[in-house]
Amino acid sequence: MVTLEQARFARNYLTCLQKGDLAAARSLLLLWSKTYFTDLPASPSRRDLTNPDLWGCLAQYASLSGDRSPVDDFWRRLDGVSPPATTTGAIPLLGIPILNRPDLLQRLLDSLDHPIETLAIVDNSIGSGLADSEALQVLLARLERQPPAGVTRVRVARPFGNQGVASSWNAILTSFPEAAFALLVNNDVVFAPGVLAGVMERVDPSRPQFLPLLPAPQEFSAFAITPAAWNRVGLFDANFHPAYCEDLDYAERLRACDAIEWIAPQTLQRLQHEANPVASATIASDVRLQACNRTTFLLNSLWLHSRRRLEQPHRGTWMRRWLSQWDLEAAPASTPQPVGSVSAGRP
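What follows is the structure, encoded as structure tokens:
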């Protein structure tokens with residue numbers, strides 16, 4: 296939110312540019328950023344954080360001077376901002392990628408015993424040639440029209456082809472950045488009675504937390520993750536396609552981040568393990584999938600051990616996606632004049 300003090304910073308910055316004093320402009324921007332973050336509430340809203348003048352001036356200065364240090368200082372400070380911890384008592388987001396076996400998806404939905412705000416499903420069956428694709432699409436269309444009991448809304452993404460597990464998880468997370476946390480599960484999982492309520496009791500949306508509902512090596516078959524966690528660690532690596540090893544990569548990144556709280560609720564994991572004695576039902580149900588997986592698993596293993604995998608930037612994804620949402624209802628009726636051209640290299 297732009298205050299009178301912020302407007303004064305913007306005017307003084309433009310004065311520095313008019314005088315050609317880039318050193319003074321740099322000092323002013325660093326002070327402006329520090330003041331901006333100091334004045335924020337503990338868990339700011341998007342409205343609190345939105346400051347186009349500061350963002351534009353920082354980008355413009357970097358373009359004019361080639362000095363990116365004020366921009367880097369801004370992103371570093373933004374990494375320390377905590378998401379707003381708002382929950383309604385329901386699971387805010389339940390995300391499920393699916394390729395086949397609509398019967399298992401229905402079994403999962405039948406096991407829900409706690410309210411769900413948004414059920415987000417990524418349908419990877421389109422163009423797969425699998426025998427139950429049509430039945431799956433019929434089920435998904437019905438769910439969209441008539442959400443299951445206790446589910447407020449159902450959203451289905453239908454990509455052109457199989458996007459894979461990592462890409463599907465990313466689509467779910469980035470499509471609903473306002474969710475207090477996400478519970479991501481395989482479609483062959485069921486929830487033991489009381490487990491969903493247990494998740495609600497244990498997850499603190501304001502903290503960077505990862506909570507697997509099954510013990511190793513099935514930790515990523517069902518897990519809760521907060522925005523503060525994937526904002527620090529980043530999205531899943533979609534180079535692992537269509538499945539396997541994306542979990543090993545992400546576990547490595549989670550454990551490498553000191554801020555992450557890896558919560559292993561033994562009681563919930565025991566209940567879930569008893570309710571889910573068999574894993575990987577999706578691939579086991581079709582010999583053609585098993586044959587394909589034998590090859591892609593090796594390729595994914597090769598990527599897992601590649602130095603190139605470690606060179607990718609990851610941090611800050613949630614915050615950028617959350618802040619960049621277009622809210623047309625809240626948009627001003629008239630367009631204010633920009634601070635200046637960011638790309639032209641001049642004010």
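Residue numbering for the sequence shown follows our numbering, beginning at 296 and increasing consecutively. For each residue, glycine too, the CB sits at the ideal point set by N, CA and C. Since we're looking at a predicted model, the values are computed, not measured.
Item to check | Inter-residue CB distance, residue 415 and residue 467 (contact presumed, cutoff 8 Å) | outcome: 5 Å
Item to check | Top-ranked residue by Cα proximity to residue 445, from 480, 346 and 405 | outcome: 405
Checklist entry - Of the choices 469, 474 and 419, whose alpha-carbon is the least far from that of residue 611? => result Of the listed residues, the one whose Cα sits closest to residue 611 is 469.
Checklist entry - Is it the case that the Cβ atoms of residue 325 and residue 368 are separated by a distance below 8 Å? => result yes
Checklist entry - Which value, in whole angstroms, describes the spacing of the CA atoms of residue 539 and residue 548? => result 16 Å
Checklist entry - Cα separation between residue 607 and residue 497? => result 31 Å
Checklist entry - CA-CA distance, residue 617 and residue 388? => result 15 Å
Item to check | Proximity below 8 Å, CB of residue 604 to CB of residue 598 | outcome: yes
Checklist entry - Are the stretch 475-485 and the stretch 508-525 touching by the rule of at least three beta carbon pairs closer than 8 Å? => result With a cut-off of 8 Å on Cβ pairs, the stretch 475-485 is in contact with the stretch 508-525, counting three or more such pairs.
Checklist entry - Residues in its own chain within less than 8 Å of residue 544 by CB, not counting five upstream and five downstream? => result 531, 532, 535, 599 and 604
Checklist entry - Secondary structure at residue 557, three-state DSSP: helix, strand or coil? => result Strand at residue 557.
Checklist entry - Based on the DSSP output, what are the partners of residue 390 in its beta bridges? => result 415 and 479
Item to check | Local Cβ density within 10 Å of residue 636, reported as buried at 16 or more and exposed below that | outcome: Any reading at residue 636 is ruled out, since the residue's pLDDT is 48, under 50, leaving its predicted position unreliable.
Checklist entry - Can at least three beta-carbon pairs, one atom from the stretch 374-382 and one from the stretch 484-502, be found at a separation below 8 Å? => result yes
Next on the checklist: Using only the alpha-carbon positions, how far apart do residue 410 and residue 489 sit?
Outcome noted: 12 Å
Item to check | Inter-residue spacing [alpha-carbon to alpha-carbon] between residue 400 and residue 523 | outcome: 29 Å
Item to check | Proximity test, residue 612 beta-carbon vs the ligand SAH heavy atom, cut-off 7 Å | outcome: Ligands are entirely absent from the displayed structure, and the ligand SAH is therefore not among its contents.
Checklist entry - How close, in whole Å, do the beta carbons of residue 330 and residue 300 come, if the pair is a contact with beta carbons under 8 Å? => result 7 Å
Item to check | Cβ-Cβ separation, residue 512 to residue 568 (assumed contact under 8 Å), whole Å | outcome: Not a contact, Cβ separation roughly 12 Å.
Checklist entry - What's the C-alpha gap between residue 370 and residue 362? => result Computed Cα separation, rounded: 14 Å.
Checklist entry - Count the other CB atoms within 10 Å of the CB of residue 460; is the residue buried (16 or more) or exposed (fewer)? => result buried
Checklist entry - Is the Cβ-Cβ distance between residue 464 and residue 351 less than 8 Å? => result Against a cut-off of 8 Å, the Cβ pair of residue 351 and residue 464 comes out as no contact.
Checklist entry - Are residue 307 and residue 577 touching if we call contact CB-CB under 8 Å? => result no
Item to check | Among 494, 434 and 315, nearest to residue 559 - alpha-carbon criterion | outcome: 494
Checklist entry - Looking only at DSSP bridge pairs, what is residue 319 linked to? => result The partner list for residue 319 (beta bridge, DSSP) is empty, contrary to what the question assumes.
Item to check | Coarse secondary structure for residue 518, derived from DSSP in three states | outcome: strand
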